[in-house]
Amino acid sequence: MTEMKNIPPIIYLWLGQGISSIGGTVYHIALVWYVIEQTKSPFILGTILFVGMLPKIIFSIAAGVIGDRVSKKKLLIWLDFIRFFITFVWGLSLANRPFNLTEIYILTLLISILDAVFRPIYGGMIPALMQGKDLTKAASMNETIFRIVSIMAPSLAGYCIIYFNFSEFIIFNSITFLLATILTIFIPETKKTDSIVQHEPFISQVKNGIIYFYTNKIIFWSTSLITLANLAVVSYNVNLANLIQNELNLSSSIYGTVLTVFSIGSLTATFLLSLFKITKSRGILYINSLLFGGILFTLLYLDQNQWTLYTIFYFIGFFFAITSTISTTVLFEVPEDYRSRILGIASISSLLSPVGVLFWGMLGSYVNSTTALTLAGFVIILVALIGYRTSIIKYK
């Protein structure tokens, strides 16, 4: 028991959410594969992913305000437990029958609402547990945890799809939510600063959070640029599975391996960022990485074989991880009184992502997936060029 008390609380948080992320990633990959297999339609898959992203727009800022007022620990425990219960019951119900698209839409919406509430509260808890110490390293470590997960999960999912049915993936996901719930119990309550924020009306907190977000231009541009880029990046969510399954006639294991290689590239970048403390020109690094990521997307048009996919997606993962980590660092540096709200607003700023999912899914139904992915690369390049003319370039 004494040894457990000596474990830093942040470890329980990262371990629990790392385990939960394994379940969520494996489930998501299985969902994408089975939907494409059943419907042969990137557009239908796009509408499902759209439903999954929509709650971020509606609930994230409210969750951020709540997270600045009440116990983050208790909220995380309840949210994980509810997700466990819903997914476990759904998984059992599918044990002896096939899934249908209607329940996919409904359950995707329910789980996504809980995810939308969960994310800004989780993000706000990390700096609180770190007590403001070395937030760049904390951001890198947080990214590293999930990059490791994203290396393990895709290959696991790709091979398991061959042997397991969809209900077993859902039950596996539910068990990881339960484990995360248990581990969060061991985290001590974080001390909240006594400030006027605690006594402000709800609407005033929302308004002041938006004002703070808009007037701090580095925060504003860091979030806005990565949001615009994600409008194009999400193209691979709906077109990569179709490219591999229906255009290249490759197996689910190849799909899983491509996603794993992407994650290895991401892990390499976050590991280097945590190893070498960067204190200068982080804004320039942010924009350059975005530019190189866009260029790599356009290279997908040159050739279509699994080794080209492995190479290109490794470096796409590498460069986008740099941009993502620097963007997360900017958000972690927000004062505690505003942190959960700003993280909620940053989640809301993903408003364009659902639009992107629908657009690229629709486009992937009319042109081949390689063309859709290449066009997405040109959009990312354009966003990077805009970034060179914004204040993010001055971020040290």
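Going by the working numbering, the first residue of the sequence shown is number 6, and it counts up by one from there. For glycine and all other residues, C-beta sits at the position ideal for the given N, C-alpha and C.
- Secondary structure of N251, DSSP reduced to three states: Mapped onto the sequence shown, residue 251 falls at position 246. The answer is helix: DSSP assigns N251 an H, G or I state.
- Task: Using alpha carbons as the reference points, say which of A133, T107, F169 and N178 lies closest to I87.
- Result: To locate residue 87, count along the sequence shown from 1; it is residue 82. With distances taken between Cα atoms, I87 lies closest to N178.
- Item | The alpha helix (DSSP H) enclosing V384, as first and last residue numbers | Here residue 384 refers to the residue found at position 379 when the sequence shown is read from its first residue. Counting along the chain, the alpha helix (DSSP H) containing V384 begins and ends at S374 to G392.
- Environment of R287 [buried if 16+ CB atoms lie within 10 Å]: As a working note, residue 287 is residue 282 in the sequence shown. The residue in question, R287, is buried, as its Cβ has 16 or more Cβ neighbours within 10 Å.
- Query: Since S25 and D85 are thought to touch, with beta carbons under 8 Å apart, how far apart are those beta carbons, to the nearest angstrom?
  - Reply: In the sequence shown, residue 25 corresponds to position 20, counting from 1. In the sequence shown, residue 85 corresponds to position 80, counting from 1. Indeed they touch by this definition, with Cβ atoms about 7 Å apart.
- Check: S268 C-beta below 7 Å from any heavy atom of the ligand FAD: This structure lacks the ligand FAD; in fact it carries no ligand of any kind.
- Message: Output needed for L119: all residues of its chain with C-beta closer than 7 Å, excluding positions within five of it in sequence on either side, in chain order.
- Response: Along the sequence shown, one-based indexing puts residue 119 at 114. If we look at L119 and ignore the five residues flanking it on each side, its Cβ neighbours are L84, I87 and R88.
- Taking the alpha-carbon positions, what's the S145 to L272 distance? For this step, residue 145 is matched to residue 140 along the sequence shown. For this step, residue 272 is matched to residue 267 along the sequence shown. Approximately 10 Å, taken between the alpha carbons.
- Item | Spatially closest choice to T149 from L277, S257, K78 and L363, by CA coordinates | For this step, residue 149 is matched to residue 144 along the sequence shown. Of L277, S257, K78 and L363, the residue nearest in Cα terms is L277.
- Message: Using a 10 Å radius around the Cβ and a threshold of 16 neighbouring Cβ atoms, would you call A100 buried or exposed?
- Response: Position 95 of the sequence shown, counted from the start, is the residue given in the question as residue 100. So A100 counts as exposed.
- Task: Return the first residue and the last residue of the alpha helix (DSSP H) that I175 is part of.
- Result: Here residue 175 refers to the residue found at position 170 when the sequence shown is read from its first residue. F171 to I190 is the extent of the alpha helix (DSSP H) around I175.
- On a CA-only basis, which of F174, F297, K77 and L380 is nearest A162? Give me that one, please. Position 157 of the sequence shown, counting from 1, holds the residue named residue 162. The candidate whose alpha carbon is nearest that of A162 is F174.
- Item | Local conformation of V122 per DSSP, three classes | Along the sequence shown, read from residue 1 onward, the residue named residue 122 stands at position 117. In this structure, V122 counts as helix in the three-state DSSP scheme.
- Keeping to the same chain, check which residues put their C-beta closer than 7 Å to that of F55; ignore five residues upstream and five downstream. Reading the sequence shown from its first residue, position 50 is the one you call residue 55. Apart from the 5 residues on each side of it in sequence, F55 sits with its Cβ closer than 7 Å to the Cβ of P359, V362 and L363 in its chain, given in chain order.
- chain C beta carbons: is any one of them nearer than 8 Å to that of I116? Within the model displayed, chain C is absent; a lone protein chain is all it includes.
- Message: Rounded to the nearest angstrom, what separates I166 and Y241 at their Cα positions?
- Response: Here residue 166 is taken as the residue at index 161 of the sequence shown, counted from 1. Here residue 241 is taken as the residue at index 236 of the sequence shown, counted from 1. Using only the alpha carbons, I get a separation of about 20 Å.
- Task: Give the DSSP-derived three-state secondary structure of Q43 in the structure shown.
- Result: Translated into positions along the sequence shown, residue 43 becomes position 38. The answer is helix: DSSP assigns Q43 an H, G or I state.
- Message: Given a cut-off of 8 Å on the beta-carbon distance, is the pair L238 and Y315 in contact?
- Response: Numbered from its first residue, the sequence shown carries residue 238 at position 233. Numbered from its first residue, the sequence shown carries residue 315 at position 310. Correcting the residue identity first, residue 238 is Val in this sequence and not Leu. No, these two residues do not count as a Cβ contact at 8 Å.
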